[in-house]
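Structure first, commentary second.
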Amino acid sequence: MSEPASAFLSPLFGLTHCFAGFVENLPNLTSFCHFQIMLLTDPEVESSLLISSDEGATYQKYRLNFYILSLLFHPEQEDWILAYSHDQKLYSSVEFGRRWQLVHERVAPNRFYWSKMGLDKEPGLIHLETSISEGQALYVTCKLQNCTDANKGKPFPGYIDPNSLVVQDEYVFVQVSTGGRPIYYVSAKRDVFTPMKLPKYTLPKDLHVISTDENRVVAAVQEWNQNETYNLYVSDTSGVFYTLALENVVSSMGPEGNVMVDLYEVAGIKGMFLANKKTDNQVKTYITYNRGRDWRLLQAPSKDLRGNSIHCVLPYCSLHLHLHVSANPYTSGNIASRDTAPGIIVASGSTGAELSTSNVSVFITSDAGNTWRQIFDEEYAVLYLDQGGALVAIRHTPLPIRHLWLSFDEGRQWNKYSFTNTPLFVDGVLGEPGEETLIMTIFGHVSHRSEWQLVKIDFRSIFNRRCTEADYQTWHLHNQGEPCLMGVKRIYRKLKPTSRCVMGKTYSVAMTSAPCDCTEADFECDYGFERRTDGKCTPAFWFHPSSMSRSCTTGMTFLNSTGYRKVVSNNCTAGVSAEYTARRQQCPSQAPKGLHLVTSEGSLTAVLGTNVTFLVFLEEGDGAKTSITLDFGDGHALTYSNVSSIEDGIKHIYKAVGIYRVTATGENSLGSETAVLYLHVTCQLEYIHLSAPFVAVRNKEVNLTAVLWPSQVGTVTYIWWIGNNTEPVITLEGSVAYTFSREGINTVTVQVSAGNTILQDRKTIAVHEYFRSHLLAFSSNLDEHNPDIAEWRLDVSRVIKNSLIQATGVREDQLLVTVLPGLPTAAEFFLLPDKQLTEGKPEKSSAHLDQLSEVLLSALNQNLVQFTLRPGVQVTVYAAHLSAAPLVDTSENHSGSAMLMLLSVVVVGLAVFVIYKFKRKIPGLNVYAQMQNEKEQEMSPANPTAATPGSQRDLVHSLETLDTELNSRPIGKPPLSLLLGLVFIKVFFFFYSIVDFTPSCSRVVS
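Going by our numbering, the first residue of the sequence shown is number 765, and it counts up by one from there.
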């Protein structure tokens, strides 16, 4: 919508028939209060507001830099508005939308609320839920025009579940899931949050707050064994302790996916509810007058619309009502009542054994549900005018209509009126502000292609006088003759059905009340108690009545329950009150019992170096006189004088990976109690590397090893897929031994699961009966261009292979080449047998491979194998000549001579270092100090140095593997300098193992 609508709002409330030429969606008429009107434009055209300060005579356009999804007006300050945008941002305006200011980003939809006077410290405070990450949110309070980090409040200590914040009247509710179970917290009068106490084995899957008026919470809870129904629970004034009110209340899904529970709170009558309950697969309507303490079926009308008798006998037949209330303010729901018209309820429904969706009629009661009358045999929308002094009915139909019906005697008689000459497809009905007026507006279309048409109707001309005192009568509220409801007798003043006059704005609902003596009916079962068939309240099997005294402080008092509690807002006096009311008694002294130790996140894992918050709860015992000692399991412990001093939790940071036994001990003069928690402190697994040979001999065992970085990350599970096996091998160790029984190419995949991280690496192993291999070295210029990543090694391996084939003529399928990780750059070639030439002739195969090996080594020694890495960089490939030397003893018991020998070797090592600097100028001289089988085919380190071993153990393992592989190769006699070089390398590794400077997960935090 880009222009103002031509709809006219008459300040004189005159009958107006007008067209809206530009309004595409009338609900865009967002608000009009006194003299101000706000219209929203169509967001598909532009984002702007049209605001009028003269009741629609003129409009001024205000462009917005965001798209409005919903608006929330302040209940008292009419110029204060909150706007929620499509990108989850919340904006505020204190000038009726003329200027806007960003309040907060990442706000959950429909989870923002205005403050409530008398409860919140400031009138401009906003309660909102903001998203932190997937599965985590925060409850935040903000100042209207100054929502900075310094001014934010966090009333709930910790994260809450997304879309769980509810701020309603004096209560605030949040949900926190722990171990897959939701825990619901409540704050009354903006006090500290306390877990809601439902009956122990309720185990809720879902919870909805239905009502919070009269200092009491009514909640609908879907329990673990329910799918389509909810149970109703009612609380005490604190909102903490809940008892069952009604089971198996029907629910359905709303148009926006929201849950709709078939429970209706009747306006104008305190404590009165209607609910649809499912019993034996039948849905029946029940009514209560005392907030769910007692329920009964509805008595069906005695006669139908035509005056015929209805034979409907309780409990086999009764009246059943549809209880859905429309969320759209422009359309009516299935049921309606008003505070200004107590006792009058209009609803759609049916009579019979159960609620029916067919043959729906409209029924009315004038005496708060005691008796009902049928007023229409089809569905109609009924509106209240003049505070219930007149009722207007419009037919629910997809067809165009032009008539409405008007009643002045609470629906006993109806008069038909025409509101338009041309039939209209009615889309909704609006009442002028205030229920005391006699003005209504009908809007719809003449045809589906026409523009909006609004018809305003003023019914004042039908009345010729104002009501006088003689037009009113008294009405006694009762429940089937019982006048004492909620502890009082209530008498209302209401208009006589025969009076046809205007009550007007000066009329107010008058009620007188007188208290009644308390009876058993004024009390419901207390928390932990259940009502038996005889009406008595007895403890549930899981509840110990004495437990309510076990958490109080010695020297203080507590309320010792009788099993009953007075229904909230019940005003009865005397009678049996003393017998049923809880008695105040002294708190007993007792030893601590029921000590619980958990983490604030409800998790048994923690990340190294982060704050872990431990919470300690005591079920029984004097918390003020019970000391708490918390042993973190890492050599640190703290002691607190009482439980109350650690309500916010105890924080601790672990500095090493491991599984820690955390122990909490509560102790007082009468005894002690201990709770234990096993906490897994882990470190993020960054990557893994599968160490495996490139070529293996058939029927000979090979070792497969998964190397982790960091090497210590906590509890790890290894999952191995080897060859064509469809089932994995699962181990807790990082190495497995395997024997390949068939020749060919085999793939090995290992997955490592550590905490919430799963990483994998894969290697391909060629299995043959025989093979020959040899190490390769390169001219020194190659190291300058080696980034030491897997992709580079793969590409260079392919280039080397092609160069060898070109220089020697070896067939491609008989040659494998792999570049090894690390610096200096080294590689290895593998010669495979020719199956066609040597099939079934092992001796011929071995001789053939020896001949090919000599050809390759000859070409390498003559510098015939070269390749161009890039323009100007020519690399020569050599055959490396190196034999193994024994490992240096790394045990702690070193002899003196051994130490002298080591010092001597260090001196020799210096000489070797000089040789190493010039080794590239001596053909055939190369130091090979990397694991021959660490080719990384799919894994790329995060940086060029990431391929180095991550701990002492990794280094020693690498060296042992090197010795084993080199000892298995029959190569020529090496130069003395190379032997000394290898010894020097091993000495270096030895000192490396003594002076531990290897980065590991356990040393991330100092």
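Using N, Cα and C, we set each Cβ at its ideal position, and we do this for glycine too.
task = Check lysine 1220 in the structure and name its three-state DSSP category.
result = strand
Spatial neighbours of isoleucine 896 in its chain, beta-carbon cut-off 7 Å, leaving aside the 5 residues before and after = Leu902, Tyr923
query = Applying the criterion that 16 or more other CB atoms from any shown protein chain within 10 Å of the CB defines a buried residue, is glutamine 1217 buried or exposed?
reply = buried
request  = Decide if isoleucine 1074 is buried, meaning its Cβ has at least 16 other Cβ atoms within 10 Å, or exposed.
outcome  = exposed
8 Å Cβ cutoff met for isoleucine 1483 and valine 1514 = yes
query = For arginine 827 versus serine 817, is the C-beta spacing smaller than 8 Å?
reply = no
ask   = Among all the DSSP beta bridges, which residues are the ones paired with leucine 1558?
value = Per DSSP, none; premise fails for leucine 1558.
task = Determine which residues share a DSSP beta bridge with serine 1101 and list them.
result = Ile1109
query = What did DSSP end up calling glycine 1399 once you bin it into helix, strand or coil?
reply = coil
ask   = Can at least three beta-carbon pairs, one atom from the segment 1538-1552 and one from the segment 1580-1591, be found at a separation below 8 Å?
value = yes
Own chain partners of glutamate 1011 with C-beta closer than 6 Å, once the 5 adjacent residues on each side are dropped = Asn995
query = Applying the criterion that 16 or more other CB atoms from any shown protein chain within 10 Å of the CB defines a buried residue, is phenylalanine 1305 buried or exposed?
reply = exposed
request  = Spatial neighbours of glutamate 1143 within its chain, please: CB distance less than 6 Å, with the 5 preceding and 5 following residues excluded, ordered by chain position.
outcome  = Ser1112, Val1124, His1160
request  = Please go through the same chain and pick out, in chain order, the residues whose beta-carbon is closer than 8 Å to the beta-carbon of histidine 1084, but skip the five residues on each side of it.
outcome  = Asn1040, Val1047, Lys1048, Thr1049, Leu1062, Gly1113, Ser1114, Thr1115, Gly1116, Glu1118, Leu1119, Ser1120
ask   = Given alanine 1154, which residues of its chain have a CB within under 6 Å of its CB, disregarding the five upstream and five downstream residues?
value = Phe1172
request  = Measure the C-alpha to C-alpha separation of glutamine 1476 and leucine 1449 and round it to an integer number of angstroms.
outcome  = 9 Å
request  = Could you have a look at threonine 1572 and say whether DSSP puts it in helix, strand or coil?
outcome  = helix
query = Does the separation of the CB atoms of isoleucine 1417 and asparagine 1375 fall below 8 Å?
reply = yes
ask   = Helix, strand or coil: how does DSSP classify leucine 1651 here?
value = Confidence in leucine 1651 is poor, its pLDDT being 33 and thus under 50, which makes the residue's placement unreliable; the coordinate value appears in the next sentence. Note: leucine 1651 maps to coil in three-state DSSP.
inquiry  = Between the alpha carbons of glutamate 1384 and aspartate 1058, how many angstroms are there, rounded?
reply    = 34 Å
query = Does lysine 825 come within less than 8 Å of chain B when only Cβ atoms are used?
reply = You won't find chain B in this structure, because it holds only one protein chain.
message = Below 8 Å, how does it come out for the segment 1096-1106 and the segment 1014-1033: are there three or more Cβ pairs, yes or no?
response = yes
query = What are the boundary residues of the alpha helix (DSSP H) that includes serine 1353?
reply = No alpha helix (DSSP H) holds serine 1353; DSSP gives it neither H nor E.
inquiry  = Going by C-alpha to C-alpha distance, which of Leu1523, Asp1068, Ser1364, Val1013 sits closest to isoleucine 947?
reply    = Ser1364
inquiry  = Considering Cα atoms alone, identify which of Met1204, Pro1247, Gly1292 is closest to alanine 1285.
reply    = Pro1247
First and last residue of the uninterrupted beta strand (DSSP E) at valine 893 = The sequence given here places glutamate at residue 893; valine does not occur at that position. Looking at the DSSP string, the run of the beta strand (DSSP E) that includes glutamate 893 is 889-897.
request  = Closer than 8 Å by C-beta to alanine 1571: which residues in its own chain qualify, once you throw out the five before and the five after it? Chain order, please.
outcome  = Ala1623, Leu1628, Val1629
Supposed close pair histidine 972, valine 1023 - CB separation, criterion 8 Å = 6 Å
inquiry  = Going by beta-carbon coordinates alone, are arginine 980 and valine 1332 separated by less than 8 Å?
reply    = yes
inquiry  = I'd like the list of long-range same chain contacts for cysteine 1282, defined as Cβ closer than 6 Å, with 5 residues on each side in sequence excluded.
reply    = Cys1336, Gly1339, Val1340, Ser1341
message = Closest to leucine 1468 by C-alpha separation, out of Val1461, Glu1491, Gly1498, would be which residue?
response = Gly1498
inquiry  = Looking at the secondary structure, which residues open and close the beta strand (DSSP E) in which serine 1537 lies?
reply    = 1536-1542
query = How would you write the range of the beta strand (DSSP E) that glutamate 1294 sits in, first residue to last?
reply = 1293-1295
task = Report yes if the CB atom of glycine 1518 is closer than 8 Å to the CB atom of glycine 1478, and no otherwise.
result = The question names glycine, but residue 1518 in the sequence shown is alanine. Yes, the pair counts as a contact, with Cβ atoms nearer than the cut-off.
inquiry  = Using C-beta distances below 6 Å, list every residue in its chain close to valine 1563, excluding the 5 sequence neighbours before and after it, in chain order.
reply    = Phe1631
Residue burial classification, asparagine 1072 (beta-carbon count within 10 angstroms, cutoff 16) = exposed
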